[in-house]
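Data block below; observations after.
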Amino acid sequence: MPRESSQKLKLLYVMRYLLRSSDEAHPVTVQQIIDFLSGEGIPAERKSIYDDMEILRRRGWDVELERRKGYYLASRPFELAELKLLVDAVYASKFITARKSKVLIEKLGRFTSRYRQEELDRKVLVSGRVKSQEEKILYSVDTLHSAITAGNQVRFKYCDWDLQK
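Position 131 of the sequence shown, counted from 1, bears residue number 399 in my numbering, the numbering being contiguous throughout.
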C-alpha cells in the first residue's frame, strides 16, 4: 500500500477511535491510540500520533489535548442535546415501528462517544401513542414526501377494513 494511502487509512482509524472512545470526561492517551491501531494491524509510534493530531486539527477537526490525560474530540457533527431531540422524535413517531426505532436510535448513537450513547436511551412515552406494526409505512412516507417535493401528482386508493380484512 502506498505511504499516502496508509496515512489516510491511519487517520481514518484515529478519527473513528476518537469519535467513539473519547469525550471531555474520557480523553484517550497516546498509548491507547497506539494499542487500538495495533489491534487494527496499523503500526504507529508516539511521534506519529502527535503528527496525526496536528493533521486532524489542520483539516478542521476539533481535537483537544488535556494535559496529562489525553486527547478527545471536543465538537462533533451533532451535539448531545440535538441527538436527544432526534431520539425523542423517533420514539414519539407513530408510524415508525418499535424495531425500526431501535435501529435508528442505535445509528444516531454512533454520532457520540460510547459513554454518551447511554444517555440516548430515553424511551419517551407519549400518552395514547401506538407504534405502527408495519415497517413499510416508513418507506411509504418517504416516497410520498419525495413525490410532493418533486411536484408530482399523488393518488390514493382508499378502502375499508373489517374483521375479515
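For glycine and all other residues, C-beta sits at the position ideal for the given N, C-alpha and C.
Using a Cβ-Cβ cut-off of 8 Å, state whether residue i counts as contacting chain C.
i, result
"V296", "Among the protein chains of the structure shown there is no chain C, as only one such chain exists."
Between residue i and residue j, how many whole angstroms is the CB-CB distance? I'm expecting something under 8 Å.
i, j, result
"V422", "F363", "About 17 Å; that fails the 8 Å criterion."
"F304", "R344", "Their Cβ separation, rounded to whole angstroms, is 19 Å, which puts F304 and R344 out of contact at 8 Å."
Hey, out of the options, whose CA is closest to residue i's CA?
i, options, result
"T297", "L333, Y359, E347 and R378", "L333"
"E322", "T411, F424, M283 and S381", "M283"
"A349", "S316, R367 and Q385", "Q385"
"L277", "Q300, E308 and Q299", "E308"
"L351", "R327, L376, R367 and S361", "L376"
"D319", "Q275, L353 and E347", "Q275"
"K368", "L431, H413, E402 and S306", "E402"
Can you tell me where the beta strand (DSSP E) with residue i in it begins and where it stops?
i, result
"V331", "V331 to E334"
"L431", "Note, L431: premise wrong, no beta strand (DSSP E); not H, not E."
"G338", "G338 to L341"
Residues in its own chain within less than 6 Å of residue i by CB, not counting five upstream and five downstream?
i, result
"L438", "Since the first residue of the chain shown is 269 and the last is 433, residue 438 is not available in this structure."
"A415", "V422"
"L286", "L341"
"F346", "F379"
With a threshold of 7 Å on Cβ separation, who are the neighbours of residue i within its own chain once the five nearest residues in sequence on each side are excluded?
i, result
"I373", "V355, V358 and L388"
"P295", "E334, K337, G338, Y339 and Y340"
"S381", "R288, S289, S290, D291 and H294"
Would you call residue i buried or exposed, if buried means 16 or more other Cβ atoms sit within 10 Å of its Cβ?
i, result
"G419", "exposed"
"S273", "exposed"
"L280", "exposed"
"Y407", "exposed"
Could you check where the alpha helix (DSSP H) with residue i kicks off and where it finishes?
i, result
"R423", "Careful: R423 lies outside any alpha helix (DSSP H) and carries neither H nor E."
"F304", "V298 to G307"
By Cβ distance below 8 Å, which residues in the same chain neighbour residue i in space, the five residues on each side in sequence not counted?
i, result
"I302", "A312, E313, R314 and I317"
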